[in-house]
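Enquirer: After the structure tokens below, expect a handful of questions from me.
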Amino acid sequence: MSAQSVLYDVPGPRARRRARIGTILALLAFAFLAFVAIRRLADQGQFDADLWGPWLNPSTDEFGQVWSLVGRGALATLIAAALAIALSMVLGVLLGVGRMMLGSVGRVPLIGFIELFRGLPVVITIVIVWRATIELGINLDPLPGEPVLWYLVIGLALYNSVIIAEILRAGVASLPSGQGEAARAVGMTEGQVMRTVLLPQAFRIMLPALISQLVVILKDTSLAAVIGLGYLELLRRGAQIYQILDNPIQSLFMIGLMFILINYALSRLATYTEKRLSQAGDDPTAAEAVVPAT
Amino acid sequence: MEAVTENLDLYWSGFLRSLSLIGWSLLGSLALGTVIAGFRVSPIASLRAFGTGWVTIFRNCPLTIVLFFMAFGLPEIGINTSFYVFGITGLVLYTSAFVCEAIRSGINSVDTGQAEAARAIGLTFTQTMSQVVLPQAFRSAVPPLGSVQIAMFKNSAVVGAFGIGGDLYSVGRNLTSAQGLAFIPVLTGVAIGYLIITLSAGALLAVIERKVAIAR
Numbered sequence: 001m002s003a004q005s006v007l008y009d010v011p012g013p014r015a016r017r018r019a020r021i022g023t024i025l026a027l028l029a030f031a032f033l034a035f036v037a038i039r040r041l042a043d044q045g046q047f048d049a050d051l052w053g054p055w056l057n058p059s060t061d062e063f064g065q066v067w068s069l070v071g072r073g074a075l076a077t078l079i080a081a082a083l084a085i086a087l088s089m090v091l092g093v094l095l096g097v098g099r100m101m102l103g104s105v106g107r108v109p110l111i112g113f114i115e116l117f118r119g120l121p122v123v124i125t126i127v128i129v130w131r132a133t134i135e136l137g138i139n140l141d142p143l144p145g146e147p148v149l150w151y152l153v154i155g156l157a158l159y160n161s162v163i164i165a166e167i168l169r170a171g172v173a174s175l176p177s178g179q180g181e182a183a184r185a186v187g188m189t190e191g192q193v194m195r196t197v198l199l200p201q202a203f204r205i206m207l208p209a210l211i212s213q214l215v216v217i218l219k220d221t222s223l224a225a226v227i228g229l230g231y232l233e234l235l236r237r238g239a240q241i242y243q244i245l246d247n248p249i250q251s252l253f254m255i256g257l258m259f260i261l262i263n264y265a266l267s268r269l270a271t272y273t274e275k276r277l278s279q280a281g282d283d284p285t286a287a288e289a290v291v292p293a294t
Numbered sequence: 001m002e003a004v005t006e007n008l009d010l011y012w013s014g015f016l017r018s019l020s021l022i023g024w025s026l027l028g029s030l031a032l033g034t035v036i037a038g039f040r041v042s043p044i045a046s047l048r049a050f051g052t053g054w055v056t057i058f059r060n061c062p063l064t065i066v067l068f069f070m071a072f073g074l075p076e077i078g079i080n081t082s083f084y085v086f087g088i089t090g091l092v093l094y095t096s097a098f099v100c101e102a103i104r105s106g107i108n109s110v111d112t113g114q115a116e117a118a119r120a121i122g123l124t125f126t127q128t129m130s131q132v133v134l135p136q137a138f139r140s141a142v143p144p145l146g147s148v149q150i151a152m153f154k155n156s157a158v159v160g161a162f163g164i165g166g167d168l169y170s171v172g173r174n175l176t177s178a179q180g181l182a183f184i185p186v187l188t189g190v191a192i193g194y195l196i197i198t199l200s201a202g203a204l205l206a207v208i209e210r211k212v213a214i215a216r
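Going line by line, the protein sequences match chains A and B.
All residue numbers for the first sequence refer to the UniProt record's numbering, where the first residue is 1 and numbers rise by one.
All residue numbers for the second sequence refer to the UniProt record's numbering, where the first residue is 1 and numbers rise by one.
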């Protein structure tokens, strides 16, 4: 570690030697665990070519089909995530601004809405949107795409708009109070203060948190596969593949890897944006909102 | 609303089952997350690398895939147990990565000068940790730990949707699919059950946060 830790003093020669010995011992322990796991997998034939081949070997018959299913699933996941983030941004800004600008009576229903959807598990929200839409006979046909896509998108957007509204509020609250005061002093209306002074600055501070929220949304699109919503996103496609090929470990490994790579890249982007913004001399307090808790 | 009032005993047992799922996952994720956090801040490089890998995997992989892997992957290599145990294990593995990061952010929030001052007045390593660093780290780790755990309470519904049976989510599914009751009232009951859990946990967390809050 280059940065000095609060936990340990700068190590001297003896501490460095101890750390090296510890590193080797831990490596041996991990190697042993990995050996046991690999042995177990090998004993059960989990490294067989007919289980991995359809994923990794272009000369197998199924290779093309597998990756075309994966491509369609990944596209479906990205479409759902993109629509959900766009919708949650719009709803979230309306909710957040409404909560900040309406009077103490006017904002009560908004606070109720926010607390309701923040407290509900997002999987429950999606199921409620899905079933209630059908039961109430609401027609989603005017919207492009299948209705199942919109059940997922609306459910995700209800949950995430509330989170974005709260991130926005935290962003505005972290601005120096002089910003709003100065804008009012030069005669701007409350709407102008919000639109031209507070929101643009808050958005800049919030950018990392918003990118992190995209990771949450991407992960949550896979909930469709658990509740049996017939939306064929990436995980559902993966399940189709392993039901045909009978290779759940290999297929779930590959699907999981794809999610991890995309989300890891997005998390790095969020960290990078955060660093860039804090170099620009922004208020570092906004960084606290960055790591979402799901 | 008769769907809810007439089946109140079912809802109650589902509520308790969800609470037991949450309780075990809470204990498990706190314990495992603390161990992984210990790895991540350890002076031993290979333990740090393991901790970083663990967090990267479980923070970026959807909980659903972790659960799929447990329920459909593990039986392939001869590991079979109930969905309840699979569910708790999956939730613990997933949440441990977030617990680890909350604890680590708590440790990082302690100024290096605190430990340097403690060493300068002659405290031993154990004293520095137990009297100076960890009490402060714990206090600033409380708010993120709390929100991580509340998120886990909500994620327990995903485990329920997966079909451990008997929890709040399953009660809703049974009432609608087996008994053919209308979705809206039944799901309202399920939603209220989860809201009772998350909103009261949120209120409790606010009280705890006020108690441990420190001005820096």
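Glycine is no exception: its CB is placed at the ideal position from the N, C-alpha and C atoms.
Bear in mind that the values here come from a model prediction, so they are computed numbers and not experimental data.
1. Closest by CA to Ser177 of chain B, which one among A:Leu175, A:Phe47 and A:Gly228?
2. Are Tyr194 of chain B and Leu175 of chain B touching if we call contact CB-CB under 8 Å?
3. Using a Cβ-Cβ cutoff of less than 6 Å, which residues in the same chain neighbour Ala42 of chain A once the five nearest sequence positions on both sides are dropped?
4. Go through its chain and collect everything with a Cβ distance to Ala81 of chain A's Cβ below 6 Å, but skip five positions before and after it.
5. List, in order along the chain, the chain B residues whose C-beta lies closer than 8 Å to that of Phe30 of chain A?
6. What would DSSP say about Gln46 of chain A, mapped onto helix, strand or coil?
7. Please report how far the alpha carbon of Ala182 of chain B lies from the alpha carbon of Glu135 of chain A, in whole angstroms.
8. In this structure, does DSSP put Asn174 of chain B in helix, strand or coil?
9. Excluding the 5 residues preceding and the 5 following Cys61 of chain B in the sequence, name in chain order all residues of the same chain whose CB lies nearer than 7 Å to its CB.
10. Mind checking if Tyr194 of chain B is an interface residue toward chain A, Cβ cutoff 8 Å exclusive?
11. Leaving out the 5 sequence neighbours to the left and right, which residues in its chain are closer than 7 Å to Met254 of chain A when beta-carbon positions are compared?
12. May I have the straight-line CA-CA distance separating Ser42 of chain B from Ala37 of chain A, to the nearest angstrom?
13. Would you check if the distance between the CB atom of Val142 of chain B and the CB atom of Ile197 of chain B is smaller than 8 Å?
14. Touching or not, the stretch 6-23 of chain A and the stretch 34-50 of chain B, by the rule of three or more beta carbon pairs under 8 Å?
15. Tell me which same chain residues have a C-beta within less than 6 Å of the C-beta of Tyr94 of chain B, skipping the five on either side of it?
16. If you compare alpha carbons, which of A:Val6, A:Arg39 and A:Arg118 is closest to Arg119 of chain B?
17. Are there 16 or more other CB atoms within 10 angstroms of the CB of Trp12 of chain B, so buried, or fewer, so exposed?
18. Using the Cβ count rule (16 or more neighbours within 10 Å means buried), how would you classify Gln127 of chain B?
19. Step through the CB atoms of chain A and report whether any lies within less than 8 Å of the CB of Gly180 of chain B.
20. Comparing alpha-carbon positions, which option in A:Gln279, A:Leu245 and A:Thr273 lies nearest Leu51 of chain A?
21. Which runs of the beta strand (DSSP E) fall wholly inside the stretch 93-161 of chain B and span at least 3 residues, in chain order?
22. Is there at least one non-hydrogen atom of the ligand ADP closer than 7 Å to the beta-carbon of Leu277 of chain A?
23. Does the beta-carbon of Lys154 of chain B have 16 or more other beta-carbons within 10 angstroms, so that it is buried, or is it exposed?
24. Suppose contacts are defined by Cβ-Cβ distances below 8 Å. Is Ala97 of chain B in contact with Leu145 of chain B by that definition?
25. Would Tyr231 of chain A pass as a contact of Val148 of chain A if the rule is Cβ separation under 8 Å?
26. Only counting the same chain, and skipping five residues up and downstream in sequence, which positions put a Cβ closer than 8 Å to that of Phe83 of chain B?
27. Within 10 angstroms of its Cβ, does Ser29 of chain B collect 16 or more other Cβ (buried), or is it exposed?
28. I'd like to know whether the C-beta atoms of Glu76 of chain B and Pro248 of chain A end up nearer to each other than 8 Å.
29. Quick check: the Cα distance between Asn57 of chain A and Ala76 of chain A, rounded to an integer number of angstroms?
Expert: According to the structure shown:
1. A:Gly228
2. no
3. none
4. Ile217, Leu218 and Thr221
5. Ser46 and Phe50
6. coil
7. 8 Å
8. helix
9. none
10. yes
11. Trp55
12. 25 Å
13. no
14. yes
15. Phe58, Leu63 and Val66
16. A:Val6
17. exposed
18. exposed
19. no
20. A:Leu245
21. none
22. Questions concerning the ligand ADP fall outside what the structure shown contains, since it holds no ligand whatsoever.
23. buried
24. no
25. yes
26. Ala71, Phe162, Gly163, Ile164 and Gly165
27. buried
28. yes
29. 25 Å
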